[in-house]
Amino acid sequence: MDRTAIIGVGMTTIEAEKRRETFADMTWEAVNKALSDAGMTIADIDNVVTTSSDFWDGRTISLMAVGDVSGAAEKNVSCVEGDGTYGAFYANARALSGSYKTTLVTGHSKGSQCVSSLITNAAFDPIYERVLGMDMITASAMQANAYMNRTGVKPEDAALVSVKNHGNALKNPMAQLPMNITVDDVMASEMIADPLRKLDCSPVSDGCCAVIIAHESVATKFKQKPIWIRGLAFCTDSFFFGDRDLARSKALTEAAKKAYAMAGIKDPRKEIDLVELYDAFSYQELLWLEEMGLADYGKAAARLKAGEFNLDGALPVNPSGGLLSGHPVIAAGLYRIAEIVLQLRGDAGAHQVKKAKTGLAHGVNGLCGQSHCVWILDKEK
Amino acid sequence: MSEIFKGIEPMVHNSKISVPYSWWAGDTASKFFISLRDARKIIAPRCGKCGKVFMPPRKVCPTCFTENTDWVDVSDEGTVVSYSVSRRQLEAIPGDKKVPVIWGLIKLDGADTALLHYLDEVDPGSVTIGMRVKAVFAESRTGGIRDISHFKPVK
Ligand SMILES: [Zn+2]
Chain X
34 MDRTAIIGVG
44 MTTIEAEKRR
54 ETFADMTWEA
64 VNKALSDAGM
74 TIADIDNVVT
84 TSSDFWDGRT
94 ISLMAVGDVS
104 GAAEKNVSCV
114 EGDGTYGAFY
124 ANARALSGSY
134 KTTLVTGHSK
144 GSQCVSSLIT
154 NAAFDPIYER
164 VLGMDMITAS
174 AMQANAYMNR
184 TGVKPEDAAL
194 VSVKNHGNAL
204 KNPMAQLPMN
214 ITVDDVMASE
224 MIADPLRKLD
234 CSPVSDGCCA
244 VIIAHESVAT
254 KFKQKPIWIR
264 GLAFCTDSFF
274 FGDRDLARSK
284 ALTEAAKKAY
294 AMAGIKDPRK
304 EIDLVELYDA
314 FSYQELLWLE
324 EMGLADYGKA
334 AARLKAGEFN
344 LDGALPVNPS
354 GGLLSGHPVI
364 AAGLYRIAEI
374 VLQLRGDAGA
384 HQVKKAKTGL
394 AHGVNGLCGQ
404 SHCVWILDKE
414 K
Chain L
85 MSEIFKGIEP
95 MVHNSKISVP
105 YSWWAGDTAS
115 KFFISLRDAR
125 KIIAPRCGKC
135 GKVFMPPRKV
145 CPTCFTENTD
155 WVDVSDEGTV
165 VSYSVSRRQL
175 EAIPGDKKVP
185 VIWGLIKLDG
195 ADTALLHYLD
205 EVDPGSVTIG
215 MRVKAVFAES
225 RTGGIRDISH
235 FKPVK
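Okay, here's the thing in structure tokens:
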């Protein structure tokens, strides 16, 4: 199979309220940062994929509003509604298609402009469920209870994820919530939905991320060192919670297995150097690591406690600070990819991890991780 | 920020998206709702191939990829598979519900998948996974999921 690489990334800072920039202004900034990172001009881009959600954006056909600032004029532009890792998946398929050589993919959102509880309530089935009034937080609390009941993991164990990730964010200038906090601080924060407290939940955020994917035939043509895409896969579970085992994530196990197989990875625990994953809630970091085969089921909390997932640990997880330190919905997974790229290039700055040859980036679509997208990126082809 | 925008205080444009929307419930949900409304009975479709009984009712078995053809009665009692307790009056919570609001994922006896609904008449701190609960029907029923008012613990 032909190979592809990521040859440029651009991120805006993640902020609680970007009052000075519209969706288009944020996109303009991220796109130009990615072009300059790659050493390209917009003329070097031959097609564009944007990632957005009409409900979050408060308009229909939301991609049409950011085409101009993505340099999509007179180019083929298409949209993915979902997390940025899925937009990038499509962007990669286009770079492999033979029709295009370079794809620019963007993901944007502004949680600050809408009411997140009402938007995420609309993800529930309109006939059977929506009227009951659940949202992303109360749904995730249901998953957290199922997971903790099954594994014996305690809320204070999961709180340590929040402590670690907010601490990592102190070294990431793009992060929204760098914080020096303790488990006691998390446990003393407002209980929103048992067992999830305010500091177990990612914040509402604004931000845009852009990534440039190139076919191998042009991947070394520009100034940036390419980061090679070795494996990628996504997999989706049933829609209704009651059809799934909420304490597990079958879809993630499958997606990870497929991505490892494509990358030729036999022992992910030995071969993956760092992970950027979708920690929308503290317990999710533990559950996702386990389902990706990077920790035994129910045992990630113990390894976290031992410091293994710290920035200087055996397997750094979310060295950027993760979603807990900034969660622009839709863009979030694309930020994970961009962060891994910076790490593998050695360009991550203060939150650079020591050993970074092979990295894993992870994105989620749907409530309680209905669908998962896994990327294996590598410094070497 | 460039020089020309110095001193500019960014403005906010407030609006509201208000678009009426009607969902046709379809044959399957309508049959289920009519039974709740008129007979206070919980019924569910069953896959003719694998025998799985689906709650909430839907037309297709996702595993067999075939249409569910049989309907069966399921119990109004079941087991809590997981639950959630909201302590904050989140915007999505209906106006008639005051926190703490408890939702349960309830596997009714006779069904193979669990239904999302309210738990009530119970202290939020004493809800447990594995708890046995029973449906309480609403006094006034109009043909919808809230024709079941909530589930309460089986004494
Ligand atoms: Zn079946």
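Just so you know, the protein sequences line up as chains X and L, in that order. So for the first sequence, the working numbering puts the first residue at 34; every next one is plus one. So for the second sequence, the working numbering puts the first residue at 85; every next one is plus one. Yeah, the Cβ is synthetic: ideal placement off N, Cα and C, and Gly gets one too.
In the three-state reduction of the DSSP assignment, P129 of chain L falls in the strand class, which pools E and B.
Excluding the 5 residues flanking it on each side, L210 of chain X has same chain C-beta neighbours closer than 8 Å at H199, A202, P236, G354, L357, S358 and G359, in chain order. Put simply, the region 166-176 of chain X touches the region 169-182 of chain L. At least three CB pairs are less than 8 Å apart.
For K133 of chain L, the Cβ falls inside the 7 Å cut-off from some heavy atom of ligand 1.
Within a 10 Å sphere around the beta-carbon of I88 of chain L sit fewer than 16 other beta-carbons, which makes this residue exposed. Distances from the CB of K136 of chain L to the heavy atoms of ligand 1 include at least one below 7 Å. With fewer than 16 other CB atoms across the displayed protein chains lying within 10 angstroms of its CB, V156 of chain L is exposed.
For T147 of chain L, DSSP assigns no beta-bridge partner whatsoever. Judged by the Cβ position, C145 of chain L qualifies as a neighbour of ligand 1 at the 7 Å threshold, a heavy atom of the ligand being closer than this. Between the region 60-73 of chain X and the region 238-245 of chain X there are three or more C-beta pairs closer than 8 Å, enough to call the two in contact. In the three-state DSSP reduction, E107 of chain X falls in the coil class, being neither helix nor strand.
Less than 8 Å separates the beta-carbon of N178 of chain X from that of I213 of chain L. Contact with chain L is found for G275 of chain X, since one of that chain's Cβ atoms lies less than 8 Å from the residue's Cβ.
Placement of the Cβ of T153 of chain L at a distance of 7 Å or more from every heavy atom of ligand 1 is found.
Checking the DSSP bridge columns, you'll see K236 of chain L partnered with L:K218.
Look at the region 141-158 of chain X: the residues with a C-beta under 7 Å from a C-beta of chain L are V148, S150, L151 and N154.
With a threshold of 8 Å between beta carbons, T150 of chain L makes no contact with chain X. Nearest Cα to E114 of chain X within the set X:L129, X:R92, X:S132 and X:I373: X:R92.
A direct Cα-to-Cα measurement between P259 of chain X and S145 of chain X gives close to 34 Å. Short of 8 Å from the beta carbon of E161 of chain L, and not among the five residues preceding or following it, lie these beta carbons of its own chain, in chain order: L192, D193, R216, V217, K218, A219 and V238. Placement of the Cβ of C268 of chain X at a distance of 7 Å or more from every heavy atom of ligand 1 is found. Counting every other CB atom within 10 Å of its CB across the protein chains shown gives R263 of chain X a total of 16 or more, marking it as buried. With fewer than 16 other CB atoms across the displayed protein chains lying within 10 angstroms of its CB, R302 of chain X is exposed. Inter-segment contact for the region 132-141 of chain X and the region 76-96 of chain X is present: three or more beta-carbon pairs are separated by less than 8 Å. Between V102 of chain X and A49 of chain X, the C-beta spacing is not below 8 Å. Here the alpha carbon of T150 of chain L sits roughly 46 Å from the alpha carbon of P352 of chain X. At a cut-off of 8 Å between beta-carbon atoms, P129 of chain L makes no contact with chain X. The C-beta of T226 of chain L comes no closer than 8 Å to any C-beta of chain X. Per DSSP, the unbroken alpha helix (DSSP H) holding H199 of chain X starts and ends at P188 to A202. A Cβ of chain L is located within less than 8 Å of the beta carbon of G166 of chain X.
Counting the other CB atoms within 10 Å of its CB gives I373 of chain X a total of 16 or more, which places it among the buried residues. At a beta-carbon threshold of 8 Å, the residues of chain L lying near L279 of chain X are V165, S166 and L189, ordered along the chain.
The region 339-352 of chain X makes no contact with the region 279-296 of chain X: fewer than 3 CB pairs, one atom from each, lie closer than 8 Å. Going by C-alpha positions, Y293 of chain X is about 44 Å away from S159 of chain L. The count of Cβ pairs closer than 8 Å, one atom from the region 115-123 of chain X and one from the region 213-222 of chain X, stays below three, leaving the stretches out of contact. At a beta-carbon threshold of 7 Å, the residues of chain X lying near S170 of chain L are T171 and A226, ordered along the chain.
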